[in-house]
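To start, the structure under review is shown below, and the notes come after it.
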Amino acid sequence: MSSNFDYRNINEKSPWQDITEGNQIYQAATSVSFNTGEWRTNTPVLDPDKCTQCLLCTPACPDSSIPVVDKKRLDFDYDHCKGCGICAAVCPFNAITMREGQ
Amino acid sequence: MGIRERLSGNEAVAYAIKQVNPDVMPAFPITPSTEIPQMVASYIANGDIDTEFIPVESEHSAMSATIGASAAGARALTATSSCGMALMWELLYVAASNRLPIVLTLVNRALSGPININCDHSDSMGARDSGWIQIYAENNQEAYDNFLQAYRISEHKDVHLPVMICQDGFITSHALANIELVEDDKVKAFVGEYEPEHYLLNDNENIAVGPYAVSNYYMETKKGQITAMRNAKKVIQEVGAEFGKMSGRSYGLFEEYRLDDADYAFVMIGSAAGTTKDAIDELRDQGVKVGLLKIRVFRPFPAEEMTAALKNVKGIAIMDRAESFSGQSGPIASELGAALFMARSESKVINYIYGLGGRDYTVDNAKGIVTELRDYVENNKEPEQYKYIGLRSR
Amino acid sequence: MKDTVEIRWHGRGGQGAKTAALLLADVCFKHGKNVQGFPEYGPERMGAPITAYNRISDKELRVHSNIYDPDYVVVVDETLLESIDVTAGLNPEGAIVINTTRPKEEIIPHLKGYEGKVYTLDARKISEEALGKYFPNSPMLAAIVAVSHVMEKDEFMAQMRDSYQHKFAKKPEVIDGNMKALEMAFTEVTA
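Protein chains in written order, with numbering that gives the first Met the number 0: chain A, 0 to 101; chain B, 0 to 393; chain C, 0 to 190.
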């Protein structure tokens, strides 16, 4: 069953017969596809000119929404950023500002 | 033929555990079930079995650890009584909704207020809506046999529900009596190896156990549980029949004793059913057509099957060894009463509460009940509908 | 012998009345009988009065109540005669067996007019002589077997030796003492 299992086939329209025993999920990292970014009411905006790539913001993010590739941070993962503003608070170079709204 | 032995009910269940050799047993002692984990611990210490025994600091932890072990893929069990099970309360529901095939050997004891160590069914009856299968025993033999069948039921793919194996505290748990044991190799073949489909320690599968279910999923989940519970009826009967082929002792959802042509019937659970059988034999010798329907499986509740078995009975004494404080009836009477109504039964029914906190129930009590029932049916002398047996009263 | 023989034991917590009832059930089981041996449980306290029961039968035993009309009563501690109605419901065709140092004539007035047979045994003397310690349950066990005839002496002694060999596998020196206590009780219990 697990090889054919795809959690995306279970949703709020699924009949009871399709719900797994004990609501078990036979897949890992399924929260990636859950767009929690839509809960955001304030949005961090990066100013690349001010950013020194010090990477202090990355570990501070509670939602792992600042991707790092080749030792450089990329733009925010807005599908999962909830706009808490911690990154903006910890940035020593004022490279992150919070914008109202999505 | 099996092995002729003499064991107390607790010894019998501990011996069954030894024969099954489950993987993990977390337990916390409480009278009158303490002997079970104690004996299992001795079996482990003596090298008879390789069950992992986890001494925990409370029954809440005992059931939590049992749930963890079962989710990990182990064949797990625990034992308790009364207040011990009350402390497991929350986890009983978790075990059931997580669809874990755990076995709990419960030694029935009055659930406190006032504190008391003796038998009644208030502990398990209180947990009747927790989603566990409940199977009750009349004597040490049935406690043993029921345990041997428990994993076959709980682990069945159409069921996947936890099972509570109940016996009467002290009355059977601490009474030495004859028993016929099944040979080790037959037990092993009957119970089989546990091969869970999904489990946490499986290297080849990612799995999340026990996720939060929002309202959009909760009712669908409960429907799954009750469907499994209804499936259990068939599975319990199949396993009981197969057990009969192996041991000579078959089991169903309930036992009918001299019920075929009976005008009057007792409906009850547990050790007092044996006492009632002796009263029935005496009354039958006097020409009174009395029988007994002894409930073995209370969850799932065999409503249709029971009302069919009782359809020609004129008077029914429903015997409850637990108070429910509805002010109307004990737990068996409220459920069977509803079932009889749905089946358009015309039988006259009296609900008796007996044996609370270990109050003795005798052959004479049973005979007195039949006298009252006959007076109700034959002379239309309506008794109190809901009454206590053996109560001192001014 | 009746279909079912019912025996009630009266003792005090710690004297081994419950153990004696279980041993009697055990030895009758080995004799091929259906048996029950069970105590009446309450809060367990050393010295408090306790009751234990036996049913012994050729039939399947299904009754799970206490015993109210026993065929035999065993009193392991005679001080209970003052406080407990030991002959309550006792079958006049049966008997009572009492552990006492006193002559029977002194005991009978305490038995509330019981009309059946009264047996006495000085289990303390026997136990101290045979075992060097006071364990009244072995002599009282032999006495009730002698009085009730639930099995013959030779078989009883053989089965008990077998039981003791298992029970005292690690201290075989006490086996002979226990066997001697049984033997003495068998001969000394008197009506």
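The beta-carbon is built from N, C-alpha and C at its ideal position, and this holds for glycine as well.
Same chain, Cβ closer than 7 Å to L420 of chain B, five either side skipped, listed in chain order: Beyond the ends of chain B as shown, which are 0 and 393, falls residue 420 of chain B; an answer cannot be given.
I'd like to confirm the pairing. Which residues does DSSP put opposite L180 of chain B in its beta bridges? B:I2
CA nearest to the CA of P91 of chain A, picked from A:V68, A:Y77, A:F75, A:D46: A:D46
Where do the ends of the alpha helix (DSSP H) carrying M124 of chain B lie? 121-125
Across which residues does DSSP place M156 of chain C in a beta bridge pair? None, per the DSSP bridge assignment.
What are the start and end residues of the alpha helix (DSSP H) that includes F42 of chain B? Before going further, note that residue 42 of chain B is Tyr rather than Phe in the sequence given. 34-44 is the extent of the alpha helix (DSSP H) around Y42 of chain B.
Can you confirm whether the stretch 86-100 of chain A touches the stretch 4-14 of chain B when touching is taken to mean that 3 or more C-beta pairs between the two stretches lie within less than 8 Å? Judged by Cβ distances under 8 Å, the stretch 4-14 of chain B makes no contact with the stretch 86-100 of chain A, as fewer than three pairs qualify.
Cα separation between F411 of chain B and E182 of chain C? This structure gives no information on residue 411 of chain B, because the portion of chain B shown stretches from 0 to 393.
Can you give the Cα-Cα distance for D70 of chain C and I6 of chain C, rounded to whole angstroms? 6 Å
In angstroms, rounded to a whole number, what distance separates the CA positions of F324 of chain B and E34 of chain B? 32 Å
In chain order, which continuous runs of the alpha helix (DSSP H) of length 4 or greater are located wholly inside the stretch 61-101 of chain C? The qualifying runs are 79-82.
Given S333 of chain B, which residues of its chain have a CB within under 8 Å of its CB, disregarding the five upstream and five downstream residues? S323, S325, Q327
Check the Cβ-Cβ distances between H173 of chain B and every residue of chain C, and say whether any is below 8 Å. yes
Proximal residues to L27 of chain C (C-beta, below 7 Å), its chain only, five neighbours per side dropped: Going by the sequence as given, residue 27 of chain C is Cys instead of Leu. Counting only Cβ-Cβ distances below 7 Å, and skipping sequence neighbours, we find V34, I55, V149, M150.
DSSP on K185 of chain B, reduced to helix/strand/coil? helix
With three or more beta-carbon pairs closer than 8 Å as the criterion, would you say the stretch 68-76 of chain B touches the stretch 18-36 of chain B? yes
Return helix, strand or coil for H9 of chain C, following the three-state DSSP convention. In the structure shown, H9 of chain C sits in a strand (DSSP, three-state: E or B).
Mind reading off the beta-carbon distance from S246 of chain B to G1 of chain B? Whole number of angstroms is fine, and I expect it under 8 Å. 6 Å
Apply the 10 Å Cβ neighbour rule to F242 of chain B and answer buried if 16 or more other Cβ atoms are within range, or exposed otherwise. buried
Selection from A:V89, A:G84, A:A88, A:W15 that minimises the alpha carbon distance to Q224 of chain B: A:W15
Test item: CB-CB of A180 of chain C and A129 of chain C under 8 Å: yes
Same chain, Cβ closer than 6 Å to E394 of chain B, five either side skipped, listed in chain order: Here chain B has residues from 0 to 393 only, and residue 394 of chain B is not among them.
Contact check, V397 of chain B vs P31 of chain B, beta carbons under 8 Å: Past the boundaries of the shown model lies residue 397 of chain B; chain B is included only from 0 to 393, so the question cannot be answered.
Any idea if W38 of chain A is buried or exposed, counting beta-carbon neighbours within 10 angstroms, 16 or more meaning buried? exposed
Residue(s) in a DSSP beta bridge with I24 of chain A: B:A207
Cβ contact (3+ pairs, closer than 8 Å) linking the stretch 73-85 of chain A and the stretch 16-25 of chain A: no
May I ask you to report which of helix, strand or coil DSSP gives A308 of chain B? helix
Chain C within 8 Å of K288 of chain B, Cβ atoms only: no
Can you tell me whether DSSP reads F92 of chain A as helix, strand or coil? coil
Is any beta-carbon of chain B found at less than 8 Å from that of P135 of chain C? no
Taking Cβ positions only, does F155 of chain C come closer than 8 Å to chain B? The Cβ of F155 of chain C sits no closer than 8 Å to any Cβ of chain B.
Using beta-carbon positions only, say whether L339 of chain B and V348 of chain B come within less than 8 Å of one another. yes
Taking the continuous beta strand (DSSP E) assigned at M163 of chain B, which residues delimit it? 162-167
Please list, in chain order, all residues of the same chain as Q26 of chain A whose beta carbon is under 7 Å from its beta carbon, the five residues on each side excluded. F4, Y6
Looking only at C-alpha atoms, which of C:E127, C:D25, C:A16, C:A51 sits nearest to H165 of chain C? C:D25
Quick one: any contact between the stretch 122-142 of chain B and the stretch 50-64 of chain A, if contact means 3 or more CB pairs under 8 Å? no
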